[in-house]
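Chemist:
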Amino acid sequence: LKLQCTSPRDEVVPNGDQHGDYYPGCTNSTDPPSAYPLIDQADEATCTDSLWEAFHASGEGYDHFVDLTHPMGDETYLMWSVLDNGVVKARLAHNN
Numbered sequence: 001l002k003l004q005c006t007s008p009r010d011e012v013v014p015n016g017d018q019h020g021d022y023y024p025g026c027t028n029s030t031d032p033p034s035a036y037p038l039i040d041q042a043d044e045a046t047c048t049d050s051l052w053e054a055f056h057a058s059g060e061g062y063d064h065f066v067d068l069t070h071p072m073g074d075e076t077y078l079m080w081s082v083l084d085n086g087v088v089k090a091r092l093a094h095n096n
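In my numbering, the protein residues as written are 1 to 96.
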């Protein structure tokens, strides 16, 4: 393994002359930096305010709920339960 500047996607900085989301790491990767894939945007016709309210308010099946919304940010809610076998069942709902 070589010590190189690498990204979370195991892409390495050529010649160590770029910065950004890179950190020192041990890897033999030779993959150069590439653009992050695009994420499909919300469809305004199917992502209505009323559907969002129904979705995030329906905490059925979850024992705990916390509002993680930043005062100047988008709505974010975390719902979770700890199952009998110790596994955590969770839903993170974010309205951007």
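Quick reminder that beta carbons are idealized off the backbone N, C-alpha and C, glycines included.
#1: Using the Cβ count rule (16 or more neighbours within 10 Å means buried), how would you classify SER34?
#2: Which residues bound the beta strand (DSSP E) around HIS64?
#3: With DSSP as the reference, label ASN15 as helix, strand or coil.
#4: Using DSSP with H/G/I as helix, E/B as strand and the rest coil, what is SER50?
#5: Verify whether the separation of the beta carbon atoms of SER32 and PRO8 is less than 8 angstroms.
#6: Where do the N-terminal and C-terminal ends of the beta strand (DSSP E) with GLU75 fall, by residue?
Modeler: With the structure as the only source:
#1: As a working note, residue 34 is residue 34 in the sequence shown. Under this definition SER34 is an exposed residue.
#2: In the sequence shown, residue 64 corresponds to position 64, counting from 1. HIS64 -> beta strand (DSSP E) spans 64-67.
#3: Numbered from its first residue, the sequence shown carries residue 15 at position 15. ASN15: helix per DSSP, three-state reduction.
#4: Within the sequence shown, numbered from 1, the residue matching residue 50 stands at position 50. Helix at SER50.
#5: As a first step, residue 32 must be located in the sequence shown, where it is residue number 32. As a first step, residue 8 must be located in the sequence shown, where it is residue number 8. Contrary to the premise, residue 32 reads as Pro rather than Ser in this sequence. No, the Cβ-Cβ distance between PRO32 and PRO8 is not below 8 angstroms.
#6: Against the sequence shown, residue 75 aligns to sequence position 75. Per DSSP, GLU75 belongs to the beta strand (DSSP E) from 75-82.
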